[in-house]
Structure formats: structure tokens, C-alpha cells
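First the structure, in the form of C-alpha cells, and then the observations on it.
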Amino acid sequence: MKSKWFVAVAIMLSILLTYTGKLMAFDSNLHVQILAQSMRQNQVTLSNHIAGYTGLTSIISKINGVSIYGLMQRATYDEDAQLLLPHVYLCSHFYNPLINKSGVCLSYISAYDQANDIGNLWSWPNARKYFYEGLTLANKDQREKALTKAFKGLGHVVHLVQDMAVPTHTRSDYHSFFFTEPFESYTKSQMLTLNYSGSGAPYKVDINITSSIQNAPRQLWDGDFYSYNDLPAGNNIGLSEYSAANFFSDDTIFNADKRPKVEDTDCKNLVSIGSVVNNRGETDYLRYISKIVGEKVDKLVAFGLLTAYVDENLIASGWPVGTTCGNPNYVLSLLGLDDEISKEYASKLVPLAVTYGAALMDYFFKSQIEIILPDDGLYAFVPNNGSLYPYTNMSFTKITLKARNILPSGENMNGGTVTLIVTYRVANADPFKPGVVNVSNEIYHSITKMNGVTSIPRDVPEEFTFDLTSNPIPLLATDVYLQLAYKGQIGTKADEVAFGYKDISEPTPADFFNNMDKICLYDNWYDAGSPAALAVVDTNGNHIANVWDLYAHNAQNFHLKYSPLSNPIDASSTVKTVSIPLINPGEHKRVLYFLSDYDFNYSYRYSKLSTTLDDRFWHSITGKVYLFPGIGIKRQTDIVPGYMCGDESYLCSSLYKPVFYDFRGVNMWSGSGGIFINSEYPTNSNCPLSQLNSIPTPSTATTMQSQLRKRGAVSIPVYAEPRLTR
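Numbered per the UniProt record's numbering, the sequence shown finishes at 726, counting up by one with no gaps.
Laid out in C-alpha cells, this is it:
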């Protein structure tokens, strides 16, 4: 009985080894190396996508103790190690662009079909649904489990596009376990020395993807440029087209129905590389055929010439006899692929496997919903009620935004649910003070679903308002991102998902200071209306200013208005975000805190009001209106190009921190406020604000930045000049 069991197991193992060996493409460890290079080549973009959707900092951030990088690596490796019917899974790693099928295993489903098969646990559609759940589920543990599955699913799909760089898998070449394919053997043995980036800058895929987001972008596999008569060219073709049309596999050399054809090669100018001794002890000459039409390949295929004589016994036994390249001098030849050929193949194909994998990952995360600042110029604001740190009774309880469908396929999003997610960390100290502020490791989520069925239009953005009363955003929030997730009808399919994100400002104060208790006279500051100031301009000795208004002034009827950068709007008594009746001379007002884009417009208007009967000068009732480009606070950690840390080989993180200035004992943010001043006398007088108080300059911040670079990170100050209005 035991012997029968042993025989059965041996037969099964033999079958599995035969099938699996025949169907392997790149070695599984090489798949991992290619993925690693894809992520490294695109690490800044990928890390910022991940931060935008999840709040995690980068590709090396961990979910349940495993980095995103590690999750995807493991998944890419495991795609070749499916325990259930491995030959079935591996049959689906082929795609022949001439027939749009695998072309092997009785035309089993192709690599592209496998990537989109909803019955495949790790397919593109399933990965997107896992990702949607990872954004929207209320429970943290469930969100993390869903994100883990999403990143693993993406890793599996990346493997399937990597396989398109292997000619055996795009030319339907079903090869045996016992006869190893040269290209795959070479790349496995040279894994540590392969050039993964090609010559010069990394190859850039320039494909205008217009397919439905529900499926992996077919154009990365096959752009339908390759036919029996047409060679594909350019950087907008599918990877399977490139490898199938320009390279050979062991058993598809000069096939009648495939390119490269003899006419694509340089057979008339064969180059002798060196001599070899054949099995009869005679000298043969190894030569290479070059491909000269389309993609240039110097060493396309090799052949050895039996020049001494033709062995009739070999001919009788079926040895291939004929001419090579139509040259009658080459009567008996053996075409084949060797390591030199594989080396050149790898120099072209491996970098493309890297780049196409990177393009696939980028497309997975690319926003399908655009988040736009509303016409009011703010996503949220809360009036300042005078609370001090930790500002427990001030928070953002409402978010208003615009959203637009930007699906590249042009499909509509009609009849679904829309969920807003806000991710953020929390400052462990007052974030509205100068200096570096430590923040929580914990990432917080505020998740709010819009009531009712909703559509997201393509042409005119729709405005949405979300009630966050049950889960408000604290004033101490840092690293703030907005995400929108849609689930419902997309095109003709129901229950599909789409998402988008936006990095917005952190809570930003609006600081205004009425400095009209001071006056600049002849390059010196004076107390407005003081005897010393009067003495400067009192021309007739009556102790009254005769030639210049040097008195202190209230700022009355102050109106403040925010607007998008692309649509500036002036403040008025009827068009405003907030109003304040009076700001006294020498008074600082932190009017409100808000969330906006990093760049926006703000406008304010106020009129001067006399504080003494001695002030006999005329003052406008309506006052003047001022409009400035605004800067929102950025207090978060981003991944930036490695050169900023002086080393391209590892992730470089940047800490953005706002530079507040201390003006007359008050810490102020200048990017969204202003200082009201009296007009100087004479008009060419210059009184620096630094004479009233010191203000940090950009050079000081730059010095700090250069010091931090030495530690593998950079500090990027967010700085704005004070806005002065007269």
C-alpha cells in the first residue's frame, strides 16, 4: 500500500515539476528585485500617494508590523507559488499580443485575464475593493486588514505585467523543465548584477490610458500596435508587444508568423565573434545576427557553422539542413541563444519590466475623483473664541468641498454613495508657536458618509458639505489629508469603486495686528499722537499735527474674505467670511482658524477711525480693500527626492514646519493675515518692523535646513513676509 502511495506521489510531483518548470518566467526572487526597483524608481510618487490616502508616511511604513514594501514583495514572490493547482496559475502568466490570448495550455486564460478575474483573490478589481474598504471601514483593525489585502493584490498584479518582459511568455513558447530557457537562466544567475534602470535616465512609459478603471490598464500589456505586418515602436506600446516583436525565445526563432523576420535582420553583414570546436574536433565559427528594423538588437540570435563538411549521418537522423539568411555558404547551421544574447536582451527588457511595473502602481493610486477648494476659499473654519492650548473647545465640525469625476475612460459616476475621510496626526505641543513640534505616531481617521444616493459629475464640480459633528477635526491636527471614496454605478457596471485624495493645509490662523498706535517719521518709530511725534510735524507750534495724520487709529468694520487662487474675490460688507466691528490700536486679533489649500487668496477691508478730537484729518467710511495671495500652514512629513538629503539611494524625508514671527510679543502667522500701519512721513521714510521686534529671516531658516540634511532628513520652513496695509 505504501509503495502505491509513493508511486502516486512521485507521479504527481513529476507532473507538477514538469508543468511548473515549463511555465516559469523570471525567477521568483528576480520578480521581487524588479518590484523593489520599480518602487525605488518611483518612491517619492508612491510614498506621497500612500500618505495621501492613508496618512502613512511612505512605502516603508508598516501595517500590522509589515511594511507596505514588504507586503508587495511577498505577494510578487507568491504569484509563482500558488499551492492550489500551480500549473493552472502559471498557465495564466502568458499573453501573446498577436492573438490576445495566452497561446498555451489549450489557450488557458491569459496574464491580462488573470489580472482582472474577480474569481482570483488577488486580481486588480478585488485589490481596488479591498483598498476602498481600507479607506472607509469604521473599525481600525478591519481597515488595516483590508489595506494589507489591497497591497498584496497589487503586488500579484505587478508580477503579471513583469512577465510580459519575458519573450517565452509573449511568444507562446511552452518550454520544458528539463531544458532551461536561456534568457530566464541568465537573468536568474545574474540577478545581482543586472542593470535595472537601463542606460541614462529611467525609461518613461508615455501611455494615455483610457480604459475603464475597474480593470487593470490593458494598454500596459497590449496597446494593439503589433500585428503580423506592423512592428510596434515608441514608448506608448504594451510591454508584451515590445518583447514579442523584437526578441526570440528558444523555440520561436524565425517562426513564419512572428517577428522578427529574416527581413528585419542584418544577415548580409554577419560578424565573426570567435571560433569554437565542434563535437568532431573541428573549428566552427560563432556568429551573431543583428536586428536592424525597429528596435535595434545587436545580438539577436547566434549560430555556429559546420564548415568542414556535412555529416550525412546527421542529415539522415534529421539534423536541420538548409540555408541561413538565404546565404548558400551557410549550408548547415544551428541557431540558438547564448549568454551574450541574453545579456543584451536583459539590458533592454529588465528596465522595462521595472518601468511598466512602476506605471501600473502609479495608475492604481492615481485619483479618479478631483477634490477642489469651494468658492468660499475654505474647506472649514472656526472663529477664535479666545481659548488657549490645547484648544479643547474649538474644532472643525463641517467640511465643504467640490468634487469632480476625472475617470480617464469618460464613464459617469451616477447613483452611488460618497464617503469623506480625513486623516491626520495630532501635535503634542502648541502648533501655533515657533519651533519644531512633535506629533503623534497614531493616525486618526474621521469618516463621514454622505446621506442618500449621490452622483459625482464630470463637467461642473459638485459641492458637498459633510457634517463632522460626531468626529470633528481638532485644532491640533497635523499631516491633514482629505480622501473621497465613491461606491456605486460607474458606466454600465454597478457596485464599482473610485477614490481620490488631496493634501490640504493644516489648521492655519488668521492673525491681524493694528499697529496704528505707532507712526514712522523720518526713519524712526514714534508713539502715534505723542508729544515727540507732534514735535516733528507741528509747524506752527499749536500742538496739533498740521501737515500729516500722525494720530492713532482704530480699524473699524473689518471684513475678511477667502477665495480660491484661480478666482480672487474682494472683501466687502456683503461678501465676507467673517467681520469684526473694531480692532483697537496696538491690538492683535487672531480672527479664526481654517483649513484650505496651501495656496489661496484672501482679501480684507477696514476703515480708519479717529481716536482723538485732535485728529482733524478726513477718513474714508468704506476704507480700502486689499487682496493678497495666501499661504496655508504645512506641518507634516513628506518624502522628497533623495538629492535633497545628498543621497539618492534611500528615502529622504522632509519636515515642513511653519515659521511664526514674534511681533510686539505676539506669535503671528503672516501667510493669511496683516499688519495695519499709519502712513509714514515723509513718504520715503523707512522704519523696519524689526525695530519694534525681531523677525526671523529666510537665511536663518536656511541654516537650520542645511544642518538637518546631514542627518538624512531636511527641514523645509514655510515662511511668508508680513503683509503691511496703510
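C-beta: ideal position from N, C-alpha, C; glycine also.
Note that the coordinates shown come from a computational prediction; the quantities given were computed from them, not determined experimentally.
> With F248 and L300 assumed to form a contact (beta carbons below 8 Å), what rounded beta-carbon distance in angstroms separates them?
Replying inline: 7 Å
> Where N471 and I371 are concerned, what is the direct C-alpha to C-alpha distance, given to the nearest angstrom?
Replying inline: 21 Å
>> Run through the DSSP bridge pairs and tell me what F663 is partnered with.
In response: V666
> So does the region 657 to 671 actually touch the region 56 to 64, counting three or more Cβ pairs closer than 8 Å?
Replying inline: no
> In three-state DSSP terms, what is M394?
Replying inline: coil
> How about D80 and T168: do their beta carbons lie closer than 9 Å?
Replying inline: no
>> Would I519 and A533 qualify as a contact pair, given that the criterion is a beta-carbon distance under 9 Å?
In response: yes
>> For L669 and K657, I'd like the C-alpha separation in whole angstroms.
In response: Just to set this straight, residue 669 is Trp in the shown sequence, not Leu. Approximately 12 Å, taken between the alpha carbons.
>> Please report the distance separating the alpha-carbon of I633 from that of R616.
In response: 42 Å
>> If contact is defined by three or more beta carbon pairs under 8 Å, each pair taking one atom from either stretch, is the region 439 to 458 in contact with the region 413 to 420?
In response: yes
>> Out of G336, G623, F628, which one is the CA nearest neighbour of D601?
In response: Rather than Asp, the amino acid found at residue 601 in this sequence is Asn. Ranking G336, G623, F628 by Cα distance to N601 puts F628 first.
> Do you know whose CA, among P531, P585, S38, Y77, lies nearest F26's CA?
Replying inline: Y77
> What residues are listed by DSSP as bridge partners for S563?
Replying inline: N601
> Based on the DSSP output, what are the partners of W525 in its beta bridges?
Replying inline: C520
> For A150, which option in L71, I109, L192 has the closest C-alpha, if you only look at C-alpha atoms?
Replying inline: L71
> With burial defined as no fewer than 16 other Cβ atoms inside 10 Å of the residue's Cβ, what is the status of V262: buried or exposed?
Replying inline: exposed
> Apart from the five residues on each side of it in sequence, which residues of its chain come closer than 7 Å, Cβ to Cβ, to G384?
Replying inline: Note on residue identity: the sequence assigns Asn, not Gly, to residue 384. Closer than 7 Å at the Cβ level, and outside the excluded window around N384, lie R590, V591, L592, Y593.
>> According to DSSP, is V161 part of a helix, a strand, or is it coil?
In response: helix
> Which residue comes first and which comes last in the alpha helix (DSSP H) that contains E340?
Replying inline: 339 to 365
> Is the beta carbon of K366 less than 9 Å from the beta carbon of H49?
Replying inline: yes
> Quick check: the region 348 to 366 against the region 206 to 224, are there 3 or more CB pairs under 8 Å?
Replying inline: yes
>> Can you find the residues in the same chain that come closer than 8 Å, C-beta to C-beta, to N540, ignoring five residues on each side of it along the sequence?
In response: N546
> Is D230 helix, strand or coil when you go by DSSP?
Replying inline: coil
> What does a CB cutoff of less than 7 Å around L352 pick up in its chain, not counting 5 residues either side in sequence?
Replying inline: A165, Y203, L239, Y242
>> Between which residues of its own chain and L220 is the CB-CB distance below 7 Å, once the five residues before and five after are set aside?
In response: V161, I207, G238, L239, Y356, A359, L360
> Can you tell me whether DSSP reads Y196 as helix, strand or coil?
Replying inline: coil
>> What does DSSP give as the partner residue(s) for K129 in the beta ladder?
In response: The partner list for K129 (beta bridge, DSSP) is empty, contrary to what the question assumes.
> Do A245 and P97 have their C-beta atoms closer together than 9 Å?
Replying inline: yes
> What residues in its chain sit with their C-beta under 6 Å from that of D638, if we drop five residues either side in the sequence?
Replying inline: S654
> Roughly how many whole angstroms lie between the Cα atoms of A111 and S92?
Replying inline: 5 Å
> Got a sec? Which residues, its chain only, sit under 6 Å from R404 by beta carbon, not counting five neighbours each side?
Replying inline: E370, P461
>> To the nearest angstrom, how far is the alpha carbon of V44 from that of G642?
In response: 9 Å
> Is N208 helix, strand or coil when you go by DSSP?
Replying inline: coil
> Whole beta strand (DSSP E) runs in the region 387 to 452 with 3 or more residues, listed along the chain?
Replying inline: 398 to 405, 413 to 426, 444 to 449
> To which residues does DSSP link H553 through a beta bridge?
Replying inline: S610
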